[in-house]
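Written out below as structure tokens is the structure these notes cover.
Structure follows, in structure tokens:
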């Protein structure tokens, strides 16, 4: 469903990678590896359509994401390094806003249920600026529970999480894959995820 063809990324005067090819189908996980500066985040942003490649293309169901932007965006959830939450707003308010921006209307009950599952029960109404880094990360990760998207692109999703939260996220990813979802992620941590098919791309190679 996702295909990368001869992708090349240039940042400034530096070519990060070129001639990159891979495919990802339903139920598959792609682990993106590479040293710092190899271009992992740039690749993820390119896959999300946030950066334009120097050469090559990204295709979703056979169509370039440049020409099928709306359809692709509806199928995609991207979590980057930053949590993308507003400190003055509560977890509930942040998730209401992010969902509405994705064209999804969610009940407060659904959001409360997701926050409980992600380990934030009792902190739903607090301004997120008073939460710990790990708790802020959980707010962002609750978007995965609430999304109806097929493709998850996750940049260092395990950062700042405690052992229980890491296990919870691993289970969530496995469940998504078992439901024919697709996941692309980067992580510096050694994390074992149950996946029917696990692929790997190393940008340092």
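In the numbering used here, the protein residues as written are -13 to 191. Backbone N, C-alpha and C fix where the C-beta goes; we use that ideal spot for every residue, glycine too. These numbers come from a predicted model, not from an experiment.
Span of the beta strand (DSSP E) around residue i
i, result
"residue 41", "41 to 46"
"residue 7", "0 to 10"
"residue -3", "-12 to -3"
"residue 110", "That residue, residue 110, is in no beta strand (DSSP E); it is neither H nor E in DSSP."
Through-space distance from residue j to residue i, alpha-carbon basis
i, j, result
"residue 25", "residue 2", "5 Å"
"residue 148", "residue 121", "10 Å"
"residue 10", "residue -11", "6 Å"
"residue 158", "residue 131", "8 Å"
"residue 40", "residue 94", "43 Å"
"residue -5", "residue 28", "8 Å"
"residue 32", "residue 117", "31 Å"
"residue 84", "residue 129", "8 Å"
"residue 98", "residue 16", "30 Å"
"residue 195", "residue 123", "Because residue 195 is not part of the residues shown, which for the chain are -13 to 191, the question remains open."
"residue 5", "residue 36", "19 Å"
"residue 78", "residue 144", "22 Å"
"residue 72", "residue 65", "15 Å"
"residue 196", "residue 140", "Residue 196 falls outside the range modelled here, since the chain spans only -13 to 191, and no answer is possible."
"residue 142", "residue 173", "5 Å"
"residue 137", "residue 63", "6 Å"
"residue 47", "residue 186", "21 Å"
Three-state secondary structure assigned by DSSP to residue i
i, result
"residue 36", "coil"
"residue 15", "strand"
Start and end residues, alpha helix (DSSP H) containing residue i
i, result
"residue 101", "94 to 103"
With a floor of 4 residues, list each alpha helix (DSSP H) that falls wholly inside the region 112 to 184, ordered by position along the chain. Correct list: 119 to 132, 149 to 164.
List, from N- to C-terminal side, the alpha helix (DSSP H) runs of 4 residues or more that fit wholly inside the region 42 to 92. Taken in chain order, the unbroken stretches of alpha helix (DSSP H) that lie wholly in the region 42 to 92 and span 4 residues or more are 55 to 61, 77 to 87.
Evaluate the contact criterion for the region 104 to 120 versus the region 37 to 56: three or more CB pairs, one atom per stretch, below 8 Å. The count of Cβ pairs closer than 8 Å, one atom from the region 104 to 120 and one from the region 37 to 56, stays below three, leaving the stretches out of contact.
Is it a yes or a no for the region 87 to 105 touching the region 162 to 177, going by three-plus beta-carbon pairs under 8 Å? Two segments are said to touch when three or more pairs of C-beta atoms, one from each, lie closer than 8 Å; by this definition the region 87 to 105 does not touch the region 162 to 177.
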